[in-house]
Amino acid sequence: MEHHDTIVALATPSGAGAIAVIRLSGAEAITIASSIFISISKKKLSKQKTHTVHLGHIKDGHKIIDEVLATVFKNPNSYTGEDVVEISCHGSAFIQQEIIQLCLRKGCRMATAGEFTLRAFLNGKMDLSQAEAVADLISSDSAASHQLAIQQMRGGFSSEIKVLREELLNFASLIELELDFAEEDVEFADREAFQKLISKITLVLKRLIDSFATGNVLKNGIPVAIVGEPNVGKSTLLNALLNEERAIVSDIAGTTRDTIEDEITIGGIGFRFIDTAGIRETVDVVEGMGIKRTFEKMEAAQVVIYLFDASLIENSDEKLQKLKNEIEKIRNRFPQKQLVIIANKADQLSEETILNYKNKISDLTFLSAKTGQGVEALQSALLNFVNTGALRNNDTIVTNTRHYDSLLKALEEIIKVQEGIDAGLSGDLLAIDIRQALYHFGEITGEISNDELLGNIFANFCIGK
Ligand SMILES: Nc1nc2c(c(=O)[nH]1)N(C=O)[C@@H](CNc1ccc(C(=O)N[C@@H](CCC(=O)O)C(=O)O)cc1)CN2
Ligand SMILES: Nc1nc2c(ncn2[C@@H]2O[C@H](COP(=O)(O)OP(=O)(O)OP(=O)(O)O)[C@@H](O)[C@H]2O)c(=O)[nH]1
Ligand SMILES: [Mg+2]
Numbered sequence: 034m035e036h037h038d039t040i041v042a043l044a045t046p047s048g049a050g051a052i053a054v055i056r057l058s059g060a061e062a063i064t065i066a067s068s069i070f071i072s073i074s075k076k077k078l079s080k081q082k083t084h085t086v087h088l089g090h091i092k093d094g095h096k097i098i099d100e101v102l103a104t105v106f107k108n109p110n111s112y113t114g115e116d117v118v119e120i121s122c123h124g125s126a127f128i129q130q131e132i133i134q135l136c137l138r139k140g141c142r143m144a145t146a147g148e149f150t151l152r153a154f155l156n157g158k159m160d161l162s163q164a165e166a167v168a169d170l171i172s173s174d175s176a177a178s179h180q181l182a183i184q185q186m187r188g189g190f191s192s193e194i195k196v197l198r199e200e201l202l203n204f205a206s207l208i209e210l211e212l213d214f215a216e217e218d219v220e221f222a223d224r225e226a227f228q229k230l231i232s233k234i235t236l237v238l239k240r241l242i243d244s245f246a247t248g249n250v251l252k253n254g255i256p257v258a259i260v261g262e263p264n265v266g267k268s269t270l271l272n273a274l275l276n277e278e279r280a281i282v283s284d285i286a287g288t289t290r291d292t293i294e295d296e297i298t299i300g301g302i303g304f305r306f307i308d309t310a311g312i313r314e315t316v317d318v319v320e321g322m323g324i325k326r327t328f329e330k331m332e333a334a335q336v337v338i339y340l341f342d343a344s345l346i347e348n349s350d351e352k353l354q355k356l357k358n359e360i361e362k363i364r365n366r367f368p369q370k371q372l373v374i375i376a377n378k379a380d381q382l383s384e385e386t387i388l389n390y391k392n393k394i395s396d397l398t399f400l401s402a403k404t405g406q407g408v409e410a411l412q413s414a415l416l417n418f419v420n421t422g423a424l425r426n427n428d429t430i431v432t433n434t435r436h437y438d439s440l441l442k443a444l445e446e447i448i449k450v451q452e453g454i455d456a457g458l459s460g461d462l463l464a465i466d467i468r469q470a471l472y473h474f475g476e477i478t479g480e481i482s483n484d485e486l487l488g489n490i491f492a493n494f495c496i497g498k
């Protein structure tokens, strides 16, 4: 990729809208924009101050394409750090294309996905983890994922990593300095302070690594599998939770063959509900495949909702005992998971029956997926499973798998350094592991990067960002 070209792209979604924004960035941005934009005031864009907006016309020769607003940003004071011109035109798909084509003919190149933000990174406007947060921010769809992205974009995580990196770098330099004076047997690096620093870094790294479990869930939504025998009302419950006729419901056992997933937010947290094929012994090959998938989804879920049809059991002690055993089996099979046991079709039950249930089996949630009674209480219960403490405290929470991997590798190296100190290793050997740890810190913020990594990261952006 050539980073000196002037690039152009639509910054707003494609299709018709009230207005659309076309962005140009690069050394020729102002010259190229000037060649197609005639300001009402007749003043050249190049003569305008940075961060000013001008009314005028986009012209292709003598033909007027549109009346627009043009905003000028002069390097280094722009999003990308380069000269930038933004053209706000009327949001017709035709006008958008005409203006972009015109820019291309005048010497722009089409921007690739994320190229504006890539340039912002390359020009030092933000570090790599901040750039990644820009993409997370655009795709955030709940209060929680939004808060995490904003925090990362503002540099909370970056500065925490940067501080550790600088402190460690400082020590690495001192230790390496000792190597130059090996004969004199001097110690520039205070060993006690060094030991303190390594302990501190270990703690911070462990905290950040632990935060990923929460961060990953808050960013991507909490997977909740709805499981149970056929016909107990799983699909009805999914529809009630989503408030939408998403899954087919029928009184035929085995209606849902494949898993059906959809997301909603409850109290600002995203939840991904997975309706599954009812579990039973079957000779039907396709149904069997669906049931196999049910177990896979159960494995992957954080919360498992086990539903049974409470109207079938009534007051039979034998059936109640069987149910109790079934619940026990599930608890034993998934000891790590949050389990919610739901007695569905409560609308069919008398007060007396409900009491009988409660006496025999603890921790039952009574609900009617059909009437919606109890569904809100279930939502509140689900919310209680989420540890939002870290979110409320504004702690740094790691949400990105790439950062998580680098943190794990950094910790591995720091542990080696600690072991080295304990074993009384010489400075030159300690320095090797310290450098490795520094390398992994640098990967997170982008001091260490390569074209392949940058390509992978920015390919996931939208064009125009
Ligand atoms: N029209 C428009 N809206 C937008 C953006 C944009 O580029 N254009 N943004 C982005 O996509 C976001 C805002 N982010 C921005 C960040 C920095 C600068 C900027 O001009 N920075 C300069 C000047 C700072 C200053 O005035 O002090 C700089 O960093 O030097 C602009 C937008 C969201 N909205
Ligand atoms: N009375 C009553 N009927 C319900 C309730 N929930 C579901 N039903 C009915 O039970 C039948 C089965 O519902 P589904 O939601 O299709 O059941 P399922 O668990 O998804 O079944 P499979 O997909 O076959 O595994 C339908 O006739 C629903 O209308 C409820 O709370 N009360
Ligand atoms: Mg179903």
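If you count the sequence shown from 1, you need to add 33 to reach the working numbering. In this text, a Cβ means the ideal position worked out from N, Cα and C, and glycines have one as well.
Open item on the list: Mapping the DSSP letters down to three states, classify Val-450 as helix, strand or coil.
Closed with: In the sequence shown, the residue the question calls residue 450 occupies position 417. Here Val-450 sits in helix by DSSP.
Task: Endpoints, the beta strand (DSSP E) within which Arg-305 is located - done: As a working mapping, residue 305 is identified with position 272 in the sequence shown. From DSSP, the beta strand (DSSP E) with Arg-305 extends over 302-308.
Open item on the list: Buried or exposed, going by whether 16 or more other CB atoms sit within 10 Å of the CB of Gln-185?
Closed with: Residue 185 sits at position 152 when you count from the first residue of the sequence shown. Answer is buried; the Cβ neighbour count reaches 16.
TODO: Go through its chain and collect everything with a Cβ distance to Leu-346's Cβ below 7 Å, but skip five positions before and after it.
DONE: Numbered from its first residue, the sequence shown carries residue 346 at position 313. The question names Leu, yet the displayed sequence has Ile at residue 346. If we look at Ile-346 and ignore the five residues flanking it on each side, its Cβ neighbours are Lys-352, Leu-353 and Leu-356.
TODO: Taking only the alpha-carbon atoms, compute the straight-line gap between Asn-433 and Ile-496 and give it to the nearest angstrom.
DONE: Stepping through the sequence shown from its first residue, residue 433 is reached at position 400. Stepping through the sequence shown from its first residue, residue 496 is reached at position 463. Straight-line Cα distance between these residues: approximately 21 Å.
Open item on the list: Assuming the contact rule is C-beta atoms closer than 8 Å, Met-331 and Val-260 should be a hit. Round their C-beta distance to whole Å, please.
Closed with: Taking the sequence shown and counting its residues from 1, the one referred to as residue 331 is at position 298. Taking the sequence shown and counting its residues from 1, the one referred to as residue 260 is at position 227. Contact holds; Cβ gap of about 6 Å.
TODO: Give me the Cα-Cα distance between Glu-100 and Ala-144, rounded to the nearest whole angstrom.
DONE: Your numbering for residue 100 matches position 67 in the sequence shown. Your numbering for residue 144 matches position 111 in the sequence shown. If you take the alpha carbons of Glu-100 and Ala-144, they lie about 24 Å apart.
Open item on the list: Nearer than 7 Å: is that true of the beta carbon of Thr-289 relative to any heavy atom of ligand 3?
Closed with: By one-based count along the sequence shown, residue 289 stands at place 256. Answer for Thr-289: yes, Cβ within range of ligand 3.
- [ ] Give me the Cα-Cα distance between Phe-306 and Leu-411, rounded to the nearest whole angstrom.
- [x] In the sequence shown, counting from the first residue as 1, residue 306 sits at position 273. In the sequence shown, counting from the first residue as 1, residue 411 sits at position 378. Phe-306 and Leu-411: Cα-Cα distance of roughly 13 Å.
- [ ] Would you check whether ligand 2 has a heavy atom nearer than 7 Å to the C-beta of Gln-381?
- [x] Along the sequence shown, read from residue 1 onward, the residue named residue 381 stands at position 348. Yes, Cβ of Gln-381 sits closer than 7 Å to a heavy atom of ligand 2.
TODO: Over the uninterrupted beta strand (DSSP E) stretch that includes Arg-56, give me the two end residues.
DONE: Locating residue 56 in the sequence shown gives position 23, where the first residue counts as 1. Looking at the DSSP string, the run of the beta strand (DSSP E) that includes Arg-56 is 52-58.
- [ ] State the CB to CB distance for the pair Arg-279 and Asp-291, rounded to an integer number of angstroms; the pair is presumed to be in contact (CB under 8 Å).
- [x] For this step, residue 279 is matched to residue 246 along the sequence shown. For this step, residue 291 is matched to residue 258 along the sequence shown. No, Arg-279 and Asp-291 are not in contact; Cβ-Cβ is about 13 Å, not under 8 Å.
Task: Three-state secondary structure assigned by DSSP to Gly-89 - done: In the sequence shown, the residue the question calls residue 89 occupies position 56. The answer is strand: DSSP assigns Gly-89 an E or B state.
- [ ] Can you give me the start and stop residues for the beta strand (DSSP E) that Ala-258 sits inside?
- [x] Within the sequence shown, the letter at position 225 stands for residue 258. From DSSP, the beta strand (DSSP E) with Ala-258 extends over 255-261.
Open item on the list: Only counting the same chain, and skipping five residues up and downstream in sequence, which positions put a Cβ closer than 6 Å to that of Gly-303?
Closed with: One-based indexing of the sequence shown puts residue 303 at position 270. Excluding residues within five positions, the ones whose Cβ falls inside 6 Å are Ser-175, Gly-254 and Glu-296.
Open item on the list: I need the DSSP call for Ala-334, collapsed to helix, strand or coil.
Closed with: Here residue 334 corresponds to residue number 301 of the sequence shown, with the count starting at 1. Here Ala-334 sits in coil by DSSP.
Open item on the list: Classify Asp-116: buried if its beta carbon has 16 or more other beta carbons within 10 angstroms, exposed otherwise.
Closed with: On the sequence shown, residue 116 is found 83 positions in, with the first residue counted as 1. Label assigned to Asp-116: buried.
Task: C-alpha gap between Phe-399 and Phe-418, whole angstroms - done: The residue given as residue 399 occupies position 366 in the sequence shown. The residue given as residue 418 occupies position 385 in the sequence shown. Going by the C-alpha atoms only, they are around 18 Å apart.
TODO: Could you tell me whether the region 361-380 touches the region 320-336, where touching means 3 or more Cβ pairs closer than 8 Å?
DONE: yes
Task: For Glu-294, the residue or residues it bridges with in DSSP - done: One-based indexing of the sequence shown puts residue 294 at position 261. DSSP lists Ile-307 as partners of Glu-294.
- [ ] Assign Asp-461 to one of two classes, buried (16 or more other C-beta atoms within 10 Å of its C-beta) or exposed (fewer than that).
- [x] Locating residue 461 in the sequence shown gives position 428, where the first residue counts as 1. Burial call: exposed.
Task: Interface flag, Asn-426 vs chain B, CB-CB below 8 Å - done: Included in the structure is just one protein chain, with no chain B present.
TODO: Report the option in Ser-121, Phe-70 and Gln-451 whose CA atom is closest to the CA atom of Lys-96.
DONE: Translated into positions along the sequence shown, residue 96 becomes position 63. Selected option, being the one with the closest Cα: Phe-70.
- [ ] List the whole-angstrom C-beta distance separating Cys-141 from Ile-281, where the pair is believed to meet the contact cut-off of C-beta under 8 Å.
- [x] Locating residue 141 in the sequence shown gives position 108, where the first residue counts as 1. Locating residue 281 in the sequence shown gives position 248, where the first residue counts as 1. About 50 Å; that fails the 8 Å criterion.
TODO: Per DSSP, which residues does Glu-119 bridge with? Please list them.
DONE: Residue 119 sits at position 86 when you count from the first residue of the sequence shown. Paired residue(s): Arg-56 and Thr-104.
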